[in-house]
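Input: a single structure, listed below in structure tokens.
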Amino acid sequence: MQTIDWLMMALICGGVWGGFAVLLVRALLSEGRKRG
Amino acid sequence: MSGETGRELFSSRWWLVLATLGMAVGTGNIWRFPRVVAAHGGGSFLVAWVVFLLLWSVPLMMVEFSFGKRSRRGAVGAFARLAGKRSAWMGGWVALTACGIFFYYSVVAGWCLRYLGAAAIGELSVRSSEEVWNGFAGSGTAVLFHLLALGLAFSVVWFGVRGIERVAKVLIPLLVLLVVTMAVRAVTLPGAEAGLHFLFSPDWGALTEPHIWLEALTQNAWDTGAGWGLILTYAIYMRSREDVPLNAYLIGFGNNSMSLLAGIMVLCTVFAMDPGAEQHLAGVNNEGLTFLYMPRLFEHVPAGGFFMLLFFLALSFAALTSLISMLELATRVLRDFGFERRRALLWVAGAGFAFGVPSALSMPFFKNQDWVWGLGLIVSGLLFSVGARRFGLARLRSEVINGEGSDLEVGRWWSFVVGVLVPVQAVVLLAWWLWRAAGTEWRQWLNPFAEGNAGTVLVQWAVALLALLAANRWLARRSLASGLQASEEGD
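Those protein sequences? They're chains L and G, same order as listed.
If you count the first sequence from 1, position 10 lands on 15 in our numbering, and the numbers rise without skipping.
If you count the second sequence from 1, position 359 lands on 382 in our numbering, and the numbers rise without skipping.
See below:
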């Protein structure tokens, strides 16, 4: 694996999984607000 | 039943999201994505794949959620109610295409169950995967497993939204756990780095080739479930105060997260066990990768029998949760026509079994149906765009997407994407696939009896379209006549 491969992996996995995690946290907070 | 409105509803946002994620994550994530990404430039393909998640899947998911939430009807009734009675045929097309896929998808789910059984009793360590596949595909046993898969999905939908919710609560977390476990095992195998290199290594030159973008768009159209009518069906059972846009993003990113995990799991295993895998992957199809190639590789993995069992368990869970949503879609359409739920389900399951038998017995027939109705999904996506335009893009955005319960404000970009970019993508994609089917055999291109050309697609579509147009008035009247779960939002 070259540096560019690691960077690409970080970019794609970070974008997709990180994006999903951020959306999940946002939904959790929003549900908390709606219930609170 | 929820006390909120007296309607059948998902009891929480999370069960709606899990059930919809279960619908979206199917065999396509596990058996198609790794193969397609490997064949089309690895990292560069992934860039295009993420772009189309935002330009096709998520915007169309918002349309579907809005149609279901606003109309509280299945595909036919939703189009008739929101896009006008003259548009009922469009909902009919969406439902018919999903049914066309449902009929053979049940066979696929049966294959997964057969291999799960073979992995569980150790049959795959005694007999070669070719032997098992050749003795099974196209045989009476395939029909039995088609019936078994359909029976399992039937037993869930029988209990309505509660059944779907209960199964999603258990199967989806288990599916995620299985895929994560196997992905971790795969990346820790000696030589797995070659798989990661193959998956993520960028080939920037590939991004100048139109077919890379078209394959990335196709993957999004086929494996996120956007434009199938399935999200619309589940959205009927979402509460009025439930959000649309954030849920659409969550499901889009959740589905693609699972695809990425599956890609890592499959390609790391493949390259760790077979250093010359690049050539083997180029010529393999979905069934070949999953049912012939992967079992051979697992034989060489430490504790391979156990991981093979987990692999087919994950595949079976993914297939069954998608099959359940297809069964519910067709059942819901019949319920709108005035059928009681269980009677509707019996009709749908009976038809599903009967129309699935030819695909179970004949691989050419299976491939033909996969080709015809897989492409039909792109038309479904186009029709959702047309339907949203007829209702009014600005109105749909302000009244439903950004309406009650919304957690995110969606801007005007959405109207542009759904009104302009989605139709352009659909037309280009259809033209490209039909053109590609020509190959060098132009004289065979329009033969309606061929397995995978333009002729068979156009003839089967024309028959379906003529029937739907002829029945449009009847479809509109029947789907709107029933007062079942009529919208309580004043529309």
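Heads up, the beta-carbon is just placed ideally off N, CA and C, and yes, glycines get one too.
These figures come from a predicted structure and were not determined experimentally.
Within a Cβ cutoff of 7 Å, which residues of the same chain sit near residue i, ignoring the five residues on either side of it in sequence?
i	result
Ser-152(G)	Phe-314, Leu-315, Pro-318, Arg-319
Leu-136(G)	Phe-168, Leu-171, Ala-172, Ser-339
Val-155(G)	Ala-141, Glu-146, Leu-147
Arg-355(G)	Gly-97, Thr-256, Ile-259
Met-84(G)	Ala-249, Ile-254, Ala-271, Ile-274, Gly-275
Ser-510(G)	Annotation note: pLDDT 44 at Ser-510(G) (below 50); position unreliable, coordinate value reported separately. Here the set comprises Arg-93, Ser-94, Arg-95.
Val-131(G)	Thr-50, Ala-342
Val-440(G)	Leu-78, Pro-82
Glu-188(G)	Phe-33, Ser-34, Trp-38, Ala-42
Leu-69(G)	Val-60
Ala-473(G)	Gln-467, Thr-479
Tyr-138(G)	Phe-314, Phe-335
Glu-36(L)	none
Arg-264(G)	Glu-427, Gly-428
Going by alpha carbons, who is nearest to residue i out of the options?
i	options	result
Arg-55(G)	Leu-136(G), Gly-183(G), Met-281(G), Ser-110(G)	Met-281(G)
Thr-241(G)	Pro-381(G), Trp-394(G), Leu-194(G)	Trp-394(G)
Asp-10(L)	Leu-219(G), Leu-416(G), Gly-442(G), Val-307(G)	Leu-219(G)
Thr-204(G)	Leu-333(G), Ala-473(G), Val-324(G)	Leu-333(G)
Val-81(G)	Phe-362(G), Gly-64(G), Asn-278(G), Tyr-127(G)	Asn-278(G)
Phe-221(G)	Val-293(G), Leu-457(G), Arg-208(G)	Val-293(G)
Val-149(G)	Phe-360(G), Gly-174(G), Trp-112(G), Glu-322(G)	Glu-322(G)
Ala-47(G)	Leu-76(G), Asp-430(G), Ala-143(G)	Leu-76(G)
Val-451(G)	Trp-236(G), Trp-134(G), Pro-225(G)	Trp-236(G)
Arg-517(G)	Trp-112(G), Leu-105(G), Val-86(G), Arg-36(G)	Not covered by the structure: residue 517(G). The range shown for chain G is 24 to 514.
Val-179(G)	Leu-369(G), Gln-392(G), Ala-300(G)	Leu-369(G)
Phe-376(G)	Tyr-128(G), Val-40(G), Gly-107(G)	Tyr-128(G)
Thr-8(L)	Pro-213(G), Ser-224(G), Pro-233(G), Met-386(G)	Ser-224(G)
Look up residue i in the DSSP assignment and say whether it is helix, strand or coil.
i	result
Ser-225(G)	The amino acid occupying residue 225(G) in the given sequence is Pro; Ser does not appear at that position. Note: Pro-225(G) maps to strand in three-state DSSP.
Gly-65(G)	strand
Ile-53(G)	helix
Leu-359(G)	Before going further, note that residue 359(G) is Asp rather than Leu in the sequence given. It is helical.
Leu-503(G)	helix
Glu-310(G)	helix
Val-324(G)	coil
Asp-514(G)	Caution is warranted here: a pLDDT of 39 is assigned to Asp-514(G), below 50, making its placement in the model unreliable, and the coordinate value is therefore given only provisionally. Three-state DSSP puts Asp-514(G) in coil, outside helix and strand.
Glu-301(G)	helix
Arg-420(G)	helix
Who are the near neighbours of residue i in its chain, counting only those whose CB is closer than 8 Å to its CB and skipping five residues on each side?
i	result
Ser-25(G)	Low per-residue confidence applies at Ser-25(G): pLDDT is 42, beneath 50, and the placement is therefore not dependable enough to give any value.
Val-402(G)	Trp-116, Thr-120, Ala-449, Leu-453, Trp-484
Ala-165(G)	Val-130, Gly-133, Trp-134, Arg-137, Phe-159, Ala-383, Leu-384
Gly-475(G)	Lys-390, Asn-391, Trp-394, Ala-460
Gly-24(L)	none
State the start and end residues of the unbroken alpha helix (DSSP H) segment that holds residue i.
i	result
Lys-192(G)	183 to 210
Leu-170(G)	163 to 180
Phe-159(G)	152 to 159
His-234(G)	233 to 246
Met-288(G)	268 to 296
Asp-393(G)	386 to 414
Leu-483(G)	For the record, residue 483(G) in the displayed sequence is Gln; it is not Leu. Its alpha helix (DSSP H) spans residues 477 to 493.
Met-14(L)	8 to 18
Phe-472(G)	That residue, Phe-472(G), is in no alpha helix (DSSP H); it is neither H nor E in DSSP.
Arg-38(L)	24 to 40
Ser-429(G)	It is not in any alpha helix (DSSP H) - Ser-429(G) carries neither H nor E in the DSSP assignment.
Ile-254(G)	253 to 258
Thr-120(G)	111 to 143
Gly-97(G)	Element bounds for Gly-97(G): n/a, residue is neither H nor E.
Ser-263(G)	Unbroken run through Ser-263(G): none, as it is neither H nor E.
Gly-45(G)	36 to 47
Leu-453(G)	445 to 461
Ser-148(G)	146 to 149
Trp-79(G)	Run containing Trp-79(G): none; DSSP gives neither H nor E here.
Is it true that the CB of residue j sits closer than 8 Å to the CB of residue i?
i	j	result
Thr-344(G)	Gly-66(G)	no
Trp-72(G)	Asn-243(G)	yes
Val-289(G)	Pro-471(G)	no
Gly-123(G)	Asp-246(G)	no
Trp-408(G)	Val-433(G)	Just to set this straight, residue 408(G) is Ser in the shown sequence, not Trp. Result no, Cβ atoms of Ser-408(G) and Val-433(G) do not sit closer than 8 Å.
Met-349(G)	Phe-125(G)	yes
Arg-365(G)	Trp-181(G)	yes
Ser-502(G)	Ala-62(G)	no
Leu-416(G)	Ser-438(G)	yes
Gly-327(G)	Ser-505(G)	no
Arg-208(G)	Phe-330(G)	yes
Gly-410(G)	Ser-110(G)	yes
Residues in its own chain within less than 6 Å of residue i by CB, not counting five upstream and five downstream?
i	result
Leu-119(G)	Ala-487
Gly-19(L)	none
Gly-115(G)	Val-99, Leu-491, Leu-498
Val-193(G)	none
With a threshold of 7 Å (Cβ to nearest heavy atom), would residue i be considered close to the ligand ADP?
i	result
Ser-339(G)	Here there are no bound small molecules, and the ligand ADP is not part of this structure.
Going along chain A in order, which residues have a C-beta closer than 7 Å to the C-beta of residue i?
i	result
Val-21(L)	Absent from the structure is chain A; the protein chains it does hold are L and G.
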